[in-house]
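Line by line, the protein sequences give chains A and B.
Just so you know, full-length UniProt numbering puts the end of the first sequence at 201, numbered straight through with nothing missing.
Just so you know, full-length UniProt numbering puts the end of the second sequence at 201, numbered straight through with nothing missing.
Here's the structure we're looking at; comments come further down.
There are 2 protein chains.
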Amino acid sequence: MTSVNDNSSILKPLTEHFKDYLPLNDEEEALLLPRIVEKKIRRRKFILQEGSVCQHYNFVVQGCFKIYKVDEKGVEHNIQFVTENDWATDIGSFHSEKPSELYIEAMEPSTILQIHKTDLLFLYVNIPKLDRNFRVIIENKFVELQNRLLQSFCYNATERYLAFLEQYPELSKRLPNTQIASYLGITPEFLSKIRRELVSK
Amino acid sequence: MTSVNDNSSILKPLTEHFKDYLPLNDEEEALLLPRIVEKKIRRRKFILQEGSVCQHYNFVVQGCFKIYKVDEKGVEHNIQFVTENDWATDIGSFHSEKPSELYIEAMEPSTILQIHKTDLLFLYVNIPKLDRNFRVIIENKFVELQNRLLQSFCYNATERYLAFLEQYPELSKRLPNTQIASYLGITPEFLSKIRRELVSK
Chain A
1 MTSVNDNSSI LKPLTEHFKD YLPLNDEEEA LLLPRIVEKK IRRRKFILQE
51 GSVCQHYNFV VQGCFKIYKV DEKGVEHNIQ FVTENDWATD IGSFHSEKPS
101 ELYIEAMEPS TILQIHKTDL LFLYVNIPKL DRNFRVIIEN KFVELQNRLL
151 QSFCYNATER YLAFLEQYPE LSKRLPNTQI ASYLGITPEF LSKIRRELVS
201 K
Chain B
1 MTSVNDNSSI LKPLTEHFKD YLPLNDEEEA LLLPRIVEKK IRRRKFILQE
51 GSVCQHYNFV VQGCFKIYKV DEKGVEHNIQ FVTENDWATD IGSFHSEKPS
101 ELYIEAMEPS TILQIHKTDL LFLYVNIPKL DRNFRVIIEN KFVELQNRLL
151 QSFCYNATER YLAFLEQYPE LSKRLPNTQI ASYLGITPEF LSKIRRELVS
201 K
């Protein structure tokens, strides 16, 4: 009802997110609230571009982002999709303060909560349980990435597509074929062929 | 001189390691000491095999391990080398308690410090700064793995070999060609060709 309440409602997706880890108490939420910024991101807009230093942890409230690299020939390689209740950040650039090699682009109209590096460092010191929470969050992301690497080495394209469907059950309907194909390292035509074969089985 | 001193010297490589993060105080070291087990591992011995649940964090004091997966055709894919002052663990299996898809094998006679899962969970609760330390350790490992994934997508074999030399400057002398070739996803013959070309440049 009041503007304070309106403002604190911004925090809700994030406090709900942390309930999967160590939940924050009222005092901790009060420290967090002034340090997050809600942003609406239009489709096709970037929250990180190659050559820029990644200065934010971005929590996706609504929408979908792709994280990708463009190689020397100009080919895009999608390395990760990030949807609701997950973090879209180039951790390497964030910590090293070196220019990122990556792009992070909105695939849909999206809403994010941004935490600036200065604020996150303040929060780590003042809310020690955030070290625990982000330790577990990054461990999960490490495992995801390791699975992706193993799949790229050991799986054929059909197996990689089935693994994609398992990891992102909603995304096959939300994303254009070209984006899924780029993630799988195949052409859109080959993806269509795989889909036809799976349907006919 | 006394057996207590001898015993506590076991801890030293690990307390030195943590000095790069938040150093442990005497009380914290006293909690850690009874929960680590020093092990000598013979060359070619496994500290994890496919199908087993990974129950330990393994800190490498001396030696070298390879972490790899064997695909359905029986081909080995090296995903990571781990040497002194680093951790060799299948984080996914450790946390999920599901059977690992990976092997972790000693490439040299090695010494490790093992922490069992039960002990690590105890330590996380009783030494909160370990959450911080392992958050940063895992973040670094995430960045390493992401670089490896990007290289496998965007680099040719020569570029991947140069990146390997940069990441593991000592390992090109310590490891047999076959192991480096498996890490790079090429044949040992092709690796020899790359090396000859680089020398002749």
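C-beta: ideal position from N, C-alpha, C; glycine also.
Distance between residue j and residue i (C-alpha atoms, nearest Å)
i	j	result
F142(A)	R148(A)	10 Å
H77(B)	Q146(A)	12 Å
T187(B)	I104(B)	21 Å
K134(A)	N177(A)	Looking at the sequence itself, residue 134(A) is Phe, so the reference to Lys does not match. Near 32 Å, if we compare the C-alpha coordinates of N177(A) and F134(A).
V4(A)	L22(B)	Note on V4(A): pLDDT 43, under 50, position unreliable in the model; the coordinate value appears next. Cα-Cα distance, rounded: 37 Å.
E189(A)	A181(A)	9 Å
F59(B)	I36(B)	10 Å
S9(A)	I47(B)	48 Å
E97(B)	D86(B)	22 Å
F164(A)	K193(A)	16 Å
D90(B)	A106(B)	15 Å
E84(B)	F122(B)	25 Å
L32(A)	E170(A)	30 Å
E16(B)	K117(B)	22 Å
P34(A)	E28(A)	11 Å
E166(A)	E38(A)	30 Å
P109(A)	G63(A)	6 Å
I41(A)	L11(B)	50 Å
L150(B)	H95(A)	18 Å
K173(A)	Q179(A)	12 Å
G92(B)	N140(A)	8 Å
V75(A)	R196(A)	26 Å
Q18(A)	F18(B)	Here residue 18(A) is Phe; the residue named in the question, Gln, does not match the sequence. Going by the C-alpha atoms only, they are around 27 Å apart.
E45(B)	K73(B)	Checking the sequence, you will find Lys at residue 45(B) rather than Glu. Cα to Cα, K45(B) sits roughly 22 Å from K73(B).
residue 218(A)	E159(A)	Absent from the structure is residue 218(A), since the part of chain A shown begins at 1 and ends at 201.
R43(A)	V136(A)	30 Å
K201(B)	Y155(A)	36 Å
K129(B)	L175(A)	41 Å
L14(B)	P13(A)	38 Å
N25(A)	L24(B)	27 Å
D20(A)	N7(A)	23 Å
Cβ pair residue i, residue j closer than 8 Å
i	j	result
F65(B)	A88(B)	yes
I112(B)	V70(B)	no
V82(B)	I67(B)	yes
H56(B)	I115(B)	yes
I138(A)	I138(B)	yes
L102(B)	E144(B)	no
V131(B)	D131(A)	One point to set straight first is that residue 131(B) is Asp, not Val, in the sequence displayed. The answer is yes: Cβ separation under 8 Å.
A157(A)	L198(A)	no
Y161(B)	L191(B)	yes
S152(A)	S100(B)	no
Partners in chain A for residue i, counting only beta-carbon separations shorter than 7 Å
i	result
K39(B)	The contacting residues do not exist; K39(B) stays about 24 Å from chain A at best.
D131(B)	D131, R132 and R135
Contact list for residue i against chain B, beta-carbon separation under 7 Å
i	result
G92(A)	V143 and Q146
I47(A)	The premise fails here: I47(A) is roughly 17 Å from chain B at the closest Cβ pair, so nothing lies under 7 Å.
Listed by chain order, chain A residues near residue i by CB distance under 8 Å
i	result
E101(B)	L150
Contact set between residue i and chain A, taken where Cβ atoms lie within less than 9 Å
i	result
K69(B)	L150, F153 and C154
P128(B)	P128, K129, D131 and R132
Chain-ordered neighbours of residue i on chain B, where CB pairs are closer than 8 Å
i	result
G185(A)	F153
H77(A)	L150, F153 and C154
P188(A)	By Cβ distance, chain B contributes nothing, its closest Cβ being about 17 Å from P188(A), past 8 Å.
Neighbouring residues, chain B, relative to residue i (Cβ below 9 Å)
i	result
H95(A)	V136, E139, N140 and V143
Closer than 8 Å to chain E by CB, residue i
i	result
V75(B)	Considering every chain present, this structure includes no chain E. Its protein chains are A and B.
If you measure beta-carbon to beta-carbon, which residues of the region 112 to 124 of chain A are closer than 9 Å to chain B? The region 112 to 124 of chain A vs chain B, Cβ under 9 Å: Y124.
Item to check | Members of the region 137 to 154 of chain B that neighbour chain A once the beta carbon cut-off is set at 7 Å | outcome: Taking 7 Å as the Cβ-Cβ cut-off against chain A, the residues of the region 137 to 154 of chain B that qualify are I138, E139, K141, F142, V143, L145, Q146, R148, L149, L150, S152, F153 and C154.
Exercise for the section: Please list the residues of the region 2 to 29 of chain B that have a C-beta atom closer than 9 Å to any C-beta atom in chain A, keeping them in chain order. Expected result: If the cut-off is 9 Å between Cβ atoms, the region 2 to 29 of chain B has nothing near chain A.
Just to confirm the assignment: which complete alpha helix (DSSP H) runs, minimum length 4, are found wholly within the UniProt domain "Cyclic nucleotide-binding" (24 to 120) of chain B? Annotation: the UniProt domain "Cyclic nucleotide-binding" (24 to 120) of chain B contains the following complete segments of the alpha helix (DSSP H) (minimum length 4 residues), in chain order: 26 to 32 and 91 to 96.
Which parts of the region 140 to 187 of chain B are runs of the alpha helix (DSSP H), unbroken and 4 residues or longer, counting only runs that do not cross its ends? Listed in chain order, they are 157 to 167, 171 to 174 and 177 to 184.
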